[in-house]
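Data first, discussion second: the structure below is written as structure tokens.
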């Protein structure tokens, strides 16, 4: 009987300990956060790959008149990096200080790789940042798993230069801001065309044969 009581006591102690043990949580920034202002962190990314704090932080994930680009964040639902905006481009909340400053930094830290229609490895990109032209729908079955996310080449802003289509077939994309990867300046537009539209009205292009 003594042994049975001893076992019951041990079992009860273990059960109570399991109930009282706190659930592990990942926090970013300093101070307490309300439920409405909680930071969402991807389970598979680093601590900088989270949504920005919006409430009382003068931060928007959409362009606002007179607000400036203040950085980029990883949008877990769309598996891609998106820009954010603040007055004068400055963060006032500590929770947002660790977010990537540039698109390239965000893609390096948080980006999701994917397979483009030509078989090359690309990166999942929000379709407001990268649009695809002349792509074959049958060869591009949404590798990023979302209708508004495209699989595009991973390029740097500095590798994009002004571009004018030598064939004159601009398809309504003849703006002076059009850009293309410097290695493709002498190429025709027979292949898939990736049009980049970066914040602050910057427009960029890169073509893949």
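Numbering (mature numbering (1 follows the signal peptide of the UniProt record, and there is no 0)), first residue to last: -21 to -1, 1 to 188.
Glycine residues also receive a C-beta, built at the ideal position from the N, C-alpha and C atoms.
None of the values given here were measured: they were computed from a predicted structure.
- Annotated as proximal: residue 78 and residue 31, with beta-carbon spacing under 8 Å.
- About 6 Å separates the beta carbon of residue 38 from that of residue 75, a gap short enough to meet the 8 Å contact definition.
- Judged by beta-carbon spacing, residue 105 lies within the 8 Å limit of residue 61, meaning their Cβ atoms are closer than that value.
- In this model, residue 124 and residue 49 are separated by some 28 Å (Cα to Cα).
- Distance from the CA atom of residue 122 to the CA atom of residue 100, rounded to whole angstroms, is 11 Å.
- Around the Cβ of residue 44, a 10 Å sphere holds fewer than 16 other Cβ atoms; the residue is exposed.
- According to the DSSP secondary-structure assignment, residue 89 is paired through a beta bridge with no residue.
- Shortest Cα-Cα distance from residue 97 to any of 52, 54, 80, 130 involves 130.
- Taking the C-beta atoms as reference points, residue 47 is found no nearer than 8 Å to residue 24.
- Sequence-distant partners of residue 69 (beyond 5 residues in either direction) whose C-beta falls short of 8 Å from its own C-beta, in its chain, are 49.
- When rounded, the separation of the alpha-carbon atoms in residue 138 and residue 83 is 12 Å.
- The beta-carbon distance between residue 103 and residue 59, rounded to whole angstroms, is 5 Å. This is short enough to meet the 8 Å contact definition.
- Taking the C-beta atoms as reference points, residue 93 is found no nearer than 8 Å to residue 53.
- Residue 110 is bridged by DSSP to 174.
- Residue 59 has 54 as its beta-bridge partners, per DSSP.
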